[in-house]
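A.B. asks: Before I ask anything, here is the structure I am working with.
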Amino acid sequence: MKEFLAGAPILSIVVFLPLAGAAIMALIPSDRTRFHRWFALWISVATFLLALLLLPGVSSFGEFSHQERYLWIPQLGINYHLGVDGISVVLLLFSSLDLVLFYVFWEGVLIPMYLLIGIWGSGRRIYAAMKFVLYTVVGSFLMLVAIIGLYVYSSHYGVGTFDFLRLREISLPGNLQTWFFLAFGLAFAIKVPIFPFHTWLPDAHTEAPTAGSVLLAGVLLKMGTYGLIRFSIGLFPEAAVRFAPLMMGLGVIGIIYGALVCVAQRDLKRLVAYSSVAHMGFVVLGLFAFNVQGEVGAVIQMVNHGVSTGALFLLVGMLYARRHTRELGAFGGLAQPMPVYFNFFLIVMLSSVGLPALNGFVGEFLILMGGIQADWLLGGIAVFGVVLAAVYLLYMFKQVFFGPCANPANRQLRDLSLREVAVLVPLVLIIFWIGLFPRPCLRVIEPAVKSTVQRVQQHIYRTYESSTGSIGGSLLALDIRAYSLEGGSEN
Amino acid sequence: MQYIHLAILWPLIGLLVNGLFGRHLPRKLVGFVGCFSVFLSFMVSLYAFVMYLGSQTLGLFGEYEYYILPWIEVADLKINYGFLVDPLSLLMALTVSLVSFLVHVYSLGYMADDDGYSRFFAYLNLFVAMMLTLVLANNLVLMFIGWEGVGLSSYLLIGFWYRRKAAADAGMKAFVVNRLGDFAFLIGIFLTFWFLHNMRFTALRAELSGPTEYGPYLFTAIALFLFVGAIGKSAQFPLHVWLPDAMEGPTPVSALIHAATMVTAGVYMVCRLNFLFTWSSFALLVIAFLGGFTAIFAASIALVQNDIKRVLAYSTISQLGYMFLAAGLGAFWIAIFHLFTHAFFKSLLFLSAGSVIHGVRGEQDMRKMGGLARYMPQTYWNFLIGAMAISGIPLLAGFFSKDAILFAAFQAKPELIPSAGTILWIVGIATALLTAFYMFRQVYMVFLTPPRFEESELRPHEVSWVMLVPLWLLSIGSVFGGYLALPALFRLPNLLGPFLQRTLALGTEKSAEELHRASDLLREGLLMGVSVVLVLAGVGLAYYLYRVRWGVTERLKRMFAAPYRLLLNKYYVDELYDAAVVTPGRTFAAAVDEVVDRGVVDGLVNLVAFVVGAFGQLLRPLQTGFVRNYAWYVGSGAVALVIILWLVRG
Chain A
2 MKEFLAGAPI LSIVVFLPLA GAAIMALIPS DRTRFHRWFA LWISVATFLL ALLLLPGVSS
62 FGEFSHQERY LWIPQLGINY HLGVDGISVV LLLFSSLDLV LFYVFWEGVL IPMYLLIGIW
122 GSGRRIYAAM KFVLYTVVGS FLMLVAIIGL YVYSSHYGVG TFDFLRLREI SLPGNLQTWF
182 FLAFGLAFAI KVPIFPFHTW LPDAHTEAPT AGSVLLAGVL LKMGTYGLIR FSIGLFPEAA
242 VRFAPLMMGL GVIGIIYGAL VCVAQRDLKR LVAYSSVAHM GFVVLGLFAF NVQGEVGAVI
302 QMVNHGVSTG ALFLLVGMLY ARRHTRELGA FGGLAQPMPV YFNFFLIVML SSVGLPALNG
362 FVGEFLILMG GIQADWLLGG IAVFGVVLAA VYLLYMFKQV FFGPCANPAN RQLRDLSLRE
422 VAVLVPLVLI IFWIGLFPRP CLRVIEPAVK STVQRVQQHI YRTYESSTGS IGGSLLALDI
482 RAYSLEGGSE N
Chain B
-1 MQYIHLAILW PLIGLLVNGL FGRHLPRKLV GFVGCFSVFL SFMVSLYAFV MYLGSQTLGL
59 FGEYEYYILP WIEVADLKIN YGFLVDPLSL LMALTVSLVS FLVHVYSLGY MADDDGYSRF
119 FAYLNLFVAM MLTLVLANNL VLMFIGWEGV GLSSYLLIGF WYRRKAAADA GMKAFVVNRL
179 GDFAFLIGIF LTFWFLHNMR FTALRAELSG PTEYGPYLFT AIALFLFVGA IGKSAQFPLH
239 VWLPDAMEGP TPVSALIHAA TMVTAGVYMV CRLNFLFTWS SFALLVIAFL GGFTAIFAAS
299 IALVQNDIKR VLAYSTISQL GYMFLAAGLG AFWIAIFHLF THAFFKSLLF LSAGSVIHGV
359 RGEQDMRKMG GLARYMPQTY WNFLIGAMAI SGIPLLAGFF SKDAILFAAF QAKPELIPSA
419 GTILWIVGIA TALLTAFYMF RQVYMVFLTP PRFEESELRP HEVSWVMLVP LWLLSIGSVF
479 GGYLALPALF RLPNLLGPFL QRTLALGTEK SAEELHRASD LLREGLLMGV SVVLVLAGVG
539 LAYYLYRVRW GVTERLKRMF AAPYRLLLNK YYVDELYDAA VVTPGRTFAA AVDEVVDRGV
599 VDGLVNLVAF VVGAFGQLLR PLQTGFVRNY AWYVGSGAVA LVIILWLVRG
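Top line first, the protein sequences correspond to chains A and B. Per my numbering, the very first residue in the first sequence carries number 2; after that it's consecutive. Per my numbering, the very first residue in the second sequence carries number -1; after that it's consecutive.
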């Protein structure tokens, strides 16, 4: 079995299986809905199971595994090059190691999302879909320019390349790093989204159908943060360090600002959407803390956000399907007619609040631990985000579930069906699993993160020796970070 | 000792059974699962306690520390599901599981007709599991699971009758105010790990037992941050506002969570980390003074409240203040001693109040009660024992623990402010006077004054035996609990002090024997006399105002209208929060949403889109679709190009 697996291009199969599924479904008459439903479901399940097969092969030294490389456009040095490490594998699954390939996939994701929002959305769906696509594309064009720039620069060292692993070895001069970092960074910042580039998100989330919202939260936003850690930090470590205070600052602003805006929301979906801004702020803070705890926390938090916020969107969608409204004021006292729904919502809400023993806590705890060590003031402000999270989520919960069930439309509500429960149970299990036994996840992530962090720190020391202390402010903190890397006290 | 985590496991199993299947199980079984799981917890704790004492007699004193599973491991951060068995955690586990069990049994009767029966027991089991996690954890982060877990169950149980808006609001208030404390608590945890590289209590103690490289400022910062967490959880001023509102929950919940156990978690945490707090004499003084202030502050509010449970809630806040007063002066074991006796008499008082409420069909306003001693004699006796114990009537539990605190305060001479001890002693005896007064005011108003209700309508009745048995058992504890730590004056062994001091002796505090050897026994006797006189004065005043001159209080209210209103409205702290935090916060959030987010940030985005669009509109007339126009553009462009090139060349 193992030998069979070793030779098979699993990664490619995982990547293209859903595409093949889509092609097959396009050939089957569309009135056979039953077939389409089940076929789509099984394709997804198969993809997921295959992706799980990748896990045992992941290197524990932070290297890329399952690499596949074929020539694609050899004239330009563009290859079809896939590979995963601990960071990408838990995110199921961003695997391109060729920048052009990455760019193609990156833009490719927009198409189905555009259609999902534009066709099946509600209300101002056209506005939301246009805003989403145009905003993202504006950012990505700059990234494309930077990708080409990288190719041109790398050709000074022989043959030009788009290959991530080879580009990583080239050390770019500082000012070039800055420009490239900004170009990549803008694309990713819009996708994450980092304040102040977030306003497409509430519109897209609110107008998208439930499935679209879940995909947005679970996958699309992760592309941004994944891009940050893989490309922005991986390729331009020096610039990343220079911009770390700014990025951490924006992350913290996102946490507080997103939470404040949440407090004012009266639309369930908009509220959850803005809570995404706050949660992704945590991720950005952890990524740019440049210590192992912060970064591992950030990667775990990407998963958590996908699970918890995805589940919240599912839950809101289930309510919307029954009542056709998302206004907070329309609900109240739902704990009475829908006790099962109440319990699921409670657990997911608490996971989003960051209650210990649930998944959100593990991520936030590690991020804040790393954040405080990197910058105590920003980290300290970020901790305040946990208070605000409790304010807006509990307020929402209270408005929906507590109080008298006065509205007759609410009194008639059906509780969850078996199918809905079946959708939610795995998510709740993941919430508990990551919350109580995060170690398997952490052990997969840590080596990859460590190699990224070490790489960054090597660059820092290099600049430290040559520089006259222009980035002295952040260096002081970095010494401490480096220290926390080495220590290993018994516990 | 490597089985103590079973005490946590049993209630968790109870939670799973009742939480998942409770609605489909017969009520009897639900109640049995709820109670029996906690009973097993109690048996595990008791067994561990006895075994520990046994090992002591063999001279095998020690702490037992073990872990069952790793939890979070990243780089140098290693957190396990680890447990610590020592005198402090054993005493806490025993108290928590015993009181919890009694309250569970009581709830069988109290909640018998409630349609949320299984939900109630599930939440209550969750609470027990989390509280035991809190006290048995061997590191700060696992303790934090328990810390937040009890907060969660508190939130769920305060809002248990969720259809009432007041209950739902109170639950949310409790959670959010606690989170405010947890914000600081978390920072304290981060700082601890950042500088001390550890989370385990024993390892931290070992590291802090010798000289460290850090100055007192760091420890002051850590200690104060952690203490703010305790302020939230243990409802000390100014974060006490959630506790009185928490009385919206069912009364057994108030007895267990909001009086006997959860709210003492802050005191426990400070005592558990005594080795850290003693590094900062400044932080300790802050704790002592804030505790003293809260004690007298809350007691003064309790003087005029009319809701039977709110009086007790403020009394809880006040008694917790006593505990912090003791801990802040370095008398950690005395703080735990008072915590222990308080658990009995305060849950007794609350459960008796619950019986009263049950007996008069949900009425909680004491102005509509009176004369209930005749209808509910057993409840009356239990309430009276509780009131006597908390007031400090000689030879009952509260007398010994409160006196120990007062004596420690009198003896204390903190370096920073040597007179602090005397000041706090005065605050302490003044509070004792107030306590005696408001407790007996309550006794009289509820049980002994003329009835103020229509007897034919209300028909008060005694409660069932399933509720009375726990009351009597708690009464036994309230009477005899104090004998575990008799003052030196009695010339009988002090059992609890030396036992607890094994873990709590480090730091500035003198050992109990030392304290008593150094002291003049005569002085101790005199101090005791002073406090007894004041307590009796308080009882006497209540007797005079509410029995002898019944009705005179109305005149007093008019005479002292302004201070009366101030107390009745609890010093307007809630109003202050509303005006200074809640309303401005909401307005600010709305402004950020509308002005900043929709206006500025999104406005800019749309502005860019608009400019691009407008530019497109501007150029649009050029695209006419007629070939002749395009031909004209191409032609004129070519001509222009030629001219330009010619000019440049030329």
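Idealized CB from N, CA, C, for every residue including glycine. The structure presented is a predicted model; accordingly, all values stated were derived computationally and were not measured.
When you compare the CB of Asn360 of chain A with every CB in chain B, is at least one pair closer than 9 Å?
C.D. replies: No, its Cβ sits nowhere closer than 9 Å to a Cβ of chain B.
A.B. asks: Taking only three categories from DSSP, how would you classify Glu413 of chain B?
C.D. replies: Coil, per DSSP.
A.B. asks: Looking at the C-beta of Pro68 of chain B, does it have a partner C-beta in chain A at a distance below 9 Å?
C.D. replies: With 9 Å as the cut-off, Pro68 of chain B counts as an interface residue toward chain A.
A.B. asks: Starting from Pro409 of chain A, follow the alpha helix (DSSP H) in both directions and report where the run begins and ends.
C.D. replies: Start and end: Pro409 to Arg412.
A.B. asks: What residues from the region 134 to 157 of chain B come within 9 Å of chain A, judged by C-beta to C-beta, listed N to C?
C.D. replies: The region 134 to 157 of chain B vs chain A, Cβ under 9 Å: Asn137, Val139, Leu140, Phe142, Ile143, Gly144, Trp145, Glu146, Gly147, Gly149, Leu150, Tyr153, Leu154 and Gly157.
A.B. asks: Are there 16 or more other CB atoms within 10 angstroms of the CB of Val646 of chain B, so buried, or fewer, so exposed?
C.D. replies: The residue in question, Val646 of chain B, is exposed, as its Cβ has fewer than 16 Cβ neighbours within 10 Å.
A.B. asks: DSSP beta-bridge partners for Ala483 of chain B?
C.D. replies: DSSP output for Ala483 of chain B lists B:Asn492 as bridge partner(s).
A.B. asks: From the DSSP secondary-structure annotation, give me the bridge partner or partners of Arg566 of chain A.
C.D. replies: There is simply no residue 566 of chain A to check, as chain A begins at 2 and stops at 492 in what is shown.
A.B. asks: From Gln294 of chain A to Gln302 of chain A, what distance separates their C-alpha atoms?
C.D. replies: Taking the straight line joining both Cα atoms gives about 12 Å.
A.B. asks: With 9 Å as the threshold, decide whether the Cβ of Lys163 of chain B is near any Cβ in chain A.
C.D. replies: Answer yes: the Cβ-Cβ gap between Lys163 of chain B and chain A drops below 9 Å somewhere.
A.B. asks: If we ignore side chains and look at the alpha-carbon of each, how far apart do Pro458 of chain B and Asp305 of chain B end up?
C.D. replies: Looking at the two C-alpha atoms, the distance is approximately 18 Å.
A.B. asks: Just to confirm my understanding: we take Gly179 of chain B, look at its own chain, exclude 5 residues before and 5 after, and list those with CB closer than 7 Å. What are they?
C.D. replies: Excluding sequence neighbours, Gly179 of chain B sits near Val226, Gly227, Ile229, Gly230, Lys231 and Leu237.
A.B. asks: Taking one C-beta from the region 288 to 304 of chain B and one from the region 119 to 127 of chain B each time, how about it: are there three or more such pairs within less than 8 Å?
C.D. replies: The region 288 to 304 of chain B, when compared against the region 119 to 127 of chain B, does not touch it at the 8 Å Cβ threshold.
A.B. asks: Compute the Euclidean distance between the alpha carbons of Leu281 of chain B and Val297 of chain A, then round it to the nearest angstrom.
C.D. replies: Checking the sequence shown, residue 281 of chain B turns out to be Ala, not Leu. Using only the alpha carbons, I get a separation of about 34 Å.
A.B. asks: Could you name the residues of chain B that Glu447 of chain A contacts, counting a contact when the two beta carbons are closer than 9 Å?
C.D. replies: In chain order: Glu71, Val72 and Ala73.
A.B. asks: Checking contacts by CB at 9 Å: is Gly334 of chain A closer than that to chain B?
C.D. replies: Closer than 9 Å: yes.
A.B. asks: Measure how close the beta-carbons of Tyr160 of chain B and Phe402 of chain A come, nearest whole angstrom, since I'm counting them as under 8 Å.
C.D. replies: Confirmed, Cβ separation roughly 7 Å.
A.B. asks: Mind checking Ile680 of chain B: buried by the 16 CB within 10 Å criterion, or exposed?
C.D. replies: What is shown of chain B runs -1 to 648, which leaves residue 680 of chain B out entirely.
A.B. asks: Mind listing the chain B neighbours of Tyr396 of chain A? Cutoff is C-beta to C-beta under 8 Å, in chain order.
C.D. replies: Within chain B, the residues near Tyr396 of chain A are Met170.
A.B. asks: Judging by CA-CA distance, which residue of B:Ala219, B:Leu283 and B:His336 is the nearest neighbour of Tyr266 of chain B?
C.D. replies: Among B:Ala219, B:Leu283 and B:His336, the Cα nearest to that of Tyr266 of chain B belongs to B:His336.
A.B. asks: Could you pull out every residue in the same chain whose Cβ sits closer than 6 Å to the Cβ of Glu491 of chain A, ignoring the five residues on either side in sequence?
C.D. replies: Any answer about Glu491 of chain A is weak, because its pLDDT of 36 lies below 50 and its placement is not dependable; what the coordinates show is given next. So the list is empty, once near-sequence residues are dropped.
A.B. asks: Pick helix, strand or coil for Lys555 of chain B, following the three-state DSSP scheme.
C.D. replies: Helix, per DSSP.
A.B. asks: Can you grab the Cα-Cα spacing for the pair Ala204 of chain B / Trp192 of chain B, in whole Å?
C.D. replies: So the two alpha carbons sit approximately 17 Å from each other.
A.B. asks: Would you identify the three-state DSSP class for Ala135 of chain B, choosing helix, strand or coil?
C.D. replies: Ala135 of chain B: strand per DSSP, three-state reduction.
A.B. asks: Using a Cβ cut-off of 9 Å, pull out every chain B residue sitting near Val357 of chain A, in sequence order please.
C.D. replies: The question names Val, but residue 357 of chain A in the sequence shown is Pro. Residues of chain B passing the Cβ test: Val139, Leu140, Phe142, Ile143, Gly144, Trp145, Glu146 and Gly147.
A.B. asks: If we cut at 9 Å on Cβ distances, does Tyr1 of chain A have a partner in chain B?
C.D. replies: Examination of residue 1 of chain A is not possible in this model, given that chain A is present from 2 through 492 alone.
A.B. asks: Give the C-beta separation of Phe398 of chain B and Leu484 of chain B to the nearest angstrom, bearing in mind that I take them to be a contact with Cβ-Cβ under 8 Å.
C.D. replies: Contact flag correct, Cβ pair sits at about 7 Å.
A.B. asks: Applying the criterion that 16 or more other CB atoms from any shown protein chain within 10 Å of the CB defines a buried residue, is Glu552 of chain B buried or exposed?
C.D. replies: It is exposed - the Cβ of Glu552 of chain B has fewer than 16 other Cβ atoms within 10 Å.
A.B. asks: Taking 9 Å as the CB-CB cut-off, is Asn344 of chain A touching chain D?
C.D. replies: Protein chains A and B are contained in the structure displayed, whereas chain D is not.
A.B. asks: Please list, in chain order, all residues of the same chain as Phe445 of chain B whose beta carbon is under 6 Å from its beta carbon, the five residues on each side excluded.
C.D. replies: Hits under 6 Å: Leu370, Ala371 and Tyr378.
A.B. asks: Do you know how far the Cα of Ala390 of chain A is from the Cα of Ala588 of chain B?
C.D. replies: Spanning the two alpha carbons is a distance of roughly 16 Å.
A.B. asks: Find out if the Cβ-Cβ distance for the pair Arg456 of chain A, Pro203 of chain A is shorter than 9 Å.
C.D. replies: Not closer than 9 Å, so no.
A.B. asks: With H, G and I counted as helix, E and B as strand and the rest as coil, what does DSSP make of Trp69 of chain B?
C.D. replies: Strand.
A.B. asks: Taking only runs that begin and end inside the region 141 to 215 of chain B, name each unbroken alpha helix (DSSP H) of 4 or more residues, in chain order.
C.D. replies: If we require 4 residues or more, the alpha helix (DSSP H) runs fully inside the region 141 to 215 of chain B come out as 163 to 194 and 199 to 207.
A.B. asks: Kindly indicate which residue of B:Tyr65, B:Leu18 and B:Leu92 has the alpha-carbon position closest to the one of Leu38 of chain B.
C.D. replies: That would be B:Leu92, whose Cα lies nearest to the Cα of Leu38 of chain B.
A.B. asks: Determine contact between the region 394 to 412 of chain A and the region 196 to 210 of chain B, defined as no fewer than three beta-carbon pairs at a distance below 8 Å.
C.D. replies: The region 394 to 412 of chain A vs the region 196 to 210 of chain B: no contact.
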